[in-house]
Amino acid sequence: MFGLTDIPRLLMSALIILPIVMLIRESGYYLIATLLGSTYKKLTIGCGPVLFQRPTLEVRKYFFMYSWMDYDELRPDSKLWHGLIYASPILTMIFTAMILNALLGQGIIGENMFWDIFLFYLFFYVLFEAMPVYLPDGQPTNGRALFDLVWHGERSDFIKQDADTESEQMQHVTNDQGDTASGQTASTQAQQATMENMKRDQRERDDHTEPKTSGDLKRSYTNAQEETMQNRDRDQKERKDHARAK
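Going by full-length UniProt numbering, the first residue of the sequence shown is number 1, and it counts up by one from there.
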């Protein structure tokens, strides 16, 4: 039963433990990108307006919500390095969990609620990353990317396009021959099916929430939502401009 005494534990989990786990997760990408000679690396923690930033680190207002890692496009020559890129967040979290578990088992650090929750989140993210599935937008989990690389010999890398391009592509419908007008391409049949399901669901939601009762489409975003979308579009544009510069 959840009570008032559990609120401090909830806040500790969301505001302290979860951001640390996300930092550990992204550090795997950082390490592999460094080993592969990447000169540009940037770790972003959270979403929303920027609180502060350093050359390789950016922390945002809602630091407990999201995280990602930007780096130069890497072109390793072997499947081994491709596999290490996909496996890097899983390996860093497993390594951290094993070290922490050993320290707790030897009594070097005392057992308490903080470490129990910390270990729980580490193994939760390991499980989430290792599941071989595609997310609704077609992006593979690292487990799925590893599965496609080892089992099918294919890379299911996924690069999100800018929001304007995506919204235009959503208006196109798959024709009878199975060709799509979308610029996004999938590496595997399962990935293609997932992306088509996502587009179908998007069209159904648009038809439901924006009925063509008049010639004018009303703006339905709040100011906060609009600001968040602008931040997203800016981030995508920066990544796109950086990739073109290369």
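All C-beta atoms in this analysis are idealised placements derived from N, C-alpha and C, irrespective of residue type, glycine included.
- For the 8 Å CB-CB criterion, residue 23 and residue 45 form a contact.
- For residue 94, the enclosing alpha helix (DSSP H) starts and ends at 79-105.
- Each of 78, 120, 80, 112 was checked against the Cα of residue 98, and the nearest Cα belongs to 120.
- Excluding residues up to 5 positions away in sequence, 21, 93, 96, 97 lie with their Cβ nearer than 7 Å to the Cβ of residue 122 in the same chain.
- Along the length of the region 104-159, whole alpha helix (DSSP H) runs at least 4 residues long occupy 113-130, 142-147, reported in chain order.
- Of the residues 42, 41, 15, 57, the one whose Cα lies closest to the Cα of residue 65 is 15.
- Ranking 102, 114, 148, 42 by CA distance to the CA of residue 13 puts 114 first.
- Ranked by Cα distance from residue 116, the first of 237, 101, 143 is 101.
- Looking from the CA of residue 41, the closest CA among 47, 51, 55 belongs to 55.
- Distance from the CA of residue 85 to the CA of residue 124, rounded to the nearest whole angstrom, comes to 20 Å.
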